[in-house]
Amino acid sequence: MLESYLTGLVVCGGIIVAIGAQNAYVLSQAIRREHHWWSAGLCMASDVILFTLGMFGVSAALMAMPQALALLRWLGVVFLGWLALQALVRAGRGRAALEAGEVTRRSLKGVLFTTLAVTLLNPQVYLDTLLLIPAVGAQQDDAPSFVAGASSASILWFGALAWGGSALAPILSRPMAWRVIDALIGVIMAVIAIQLAVGGL
Numbered sequence: 054m055l056e057s058y059l060t061g062l063v064v065c066g067g068i069i070v071a072i073g074a075q076n077a078y079v080l081s082q083a084i085r086r087e088h089h090w091w092s093a094g095l096c097m098a099s100d101v102i103l104f105t106l107g108m109f110g111v112s113a114a115l116m117a118m119p120q121a122l123a124l125l126r127w128l129g130v131v132f133l134g135w136l137a138l139q140a141l142v143r144a145g146r147g148r149a150a151l152e153a154g155e156v157t158r159r160s161l162k163g164v165l166f167t168t169l170a171v172t173l174l175n176p177q178v179y180l181d182t183l184l185l186i187p188a189v190g191a192q193q194d195d196a197p198s199f200v201a202g203a204s205s206a207s208i209l210w211f212g213a214l215a216w217g218g219s220a221l222a223p224i225l226s227r228p229m230a231w232r233v234i235d236a237l238i239g240v241i242m243a244v245i246a247i248q249l250a251v252g253g254l
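In the working numbering, each residue carries its 1-based index in the sequence shown increased by 53.
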């Protein structure tokens, strides 16, 4: 049981720590202190649900519908490209320091919608959570413990992003720092979109 749990923790941790669209978005929300715990919590919940579905055989159904993956791929390219463009425009124009109460905050609904879109419109999420991780889990003696370990990795990681980004907000609230952050987020989103468009799945 413990071995399966630790395997899930390490395997999932190694996959989700890599900088991706979800991580970049949650971190940017945390630095803004803009509904960042809600955003991180939605990512955690999505991962837990997808891990569980993957272990219960949804991966087989997904593989049987390649056209669905193709549609998700191009939706992901368009959406991530749009996010990249927005971030790069902000980096080029610059903006005032993001002190609490000095900027117009987006609604909770808007933040949750964007978080959900970043999560569900990226086909790499499905490949990781419904195919790759369950493939490792199928080899474990205790599948529920493996899912628990994988879920724990997601909860710990997104919790760390939300807490760490918020803690660094006072340091990163200067206008120049935000231009750099926006530029990095824009580049990350653009690279992921290009990889999806050119390399496919």
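Here a beta-carbon is modelled for each residue, glycine too, at the ideal position from N, C-alpha and C.
- For the pair of segments examined, the stretch 85-103 was found to touch the stretch 207-217: the number of CB pairs separated by less than 8 Å reaches three.
- By the Cβ criterion, the stretch 82-94 is not in contact with the stretch 190-203, since fewer than three pairs of Cβ atoms, one from each stretch, lie closer than 8 Å.
- With fewer than 16 other beta carbons inside 10 angstroms of its own, S160 counts as exposed.
- Here Q248 is exposed, its C-beta having fewer than 16 other C-beta atoms within 10 Å.
- Counting C-beta pairs closer than 8 Å gives three or more between the stretch 166-178 and the stretch 126-133, which meets the contact rule.
- Cα atoms of A246 and L133: separation of roughly 6 Å, rounded to the nearest angstrom.
- Taken atom to atom, the span from the alpha-carbon of M229 to that of L141 is near 14 Å.
- The alpha carbon of L136 has as its nearest neighbour, out of V251, V244 and G252, the alpha carbon of V244.
- In terms of Cα proximity to A250, the closest of V70, L124, G66 and G217 is L124.
- A Cβ-Cβ separation of about 7 Å places T167 in contact with Y78 under the 8 Å criterion.
- When the five nearest sequence neighbours on each side are left out, the beta carbons in the same chain lying within less than 8 Å of the beta carbon of I224 are those of A230, in order along the chain.
- Closest in alpha carbon position to G145, among L237, G252 and M242, is L237.
- G239 and L62 have their C-alpha atoms roughly 30 Å apart.
- In the three-state DSSP reduction, A123 falls in the helix class (H, G or I).
- D235 and V64 have their C-alpha atoms roughly 30 Å apart.
- Under the 10 Å beta carbon count, L80 is surrounded by 16 or more other beta carbons and is classified as buried.
- The beta carbon of L59 sits closer than 7 Å to the beta carbons of G202 from its chain, once the five residues preceding and following it are set aside; these are given in chain order.
- Of the residues assessed, M54 falls on the exposed side of the cut-off, its CB having fewer than 16 other CB atoms within 10 angstroms.
- With distances taken between CA atoms, S204 lies nearest to C96 out of E56, W91, Q82 and C96.
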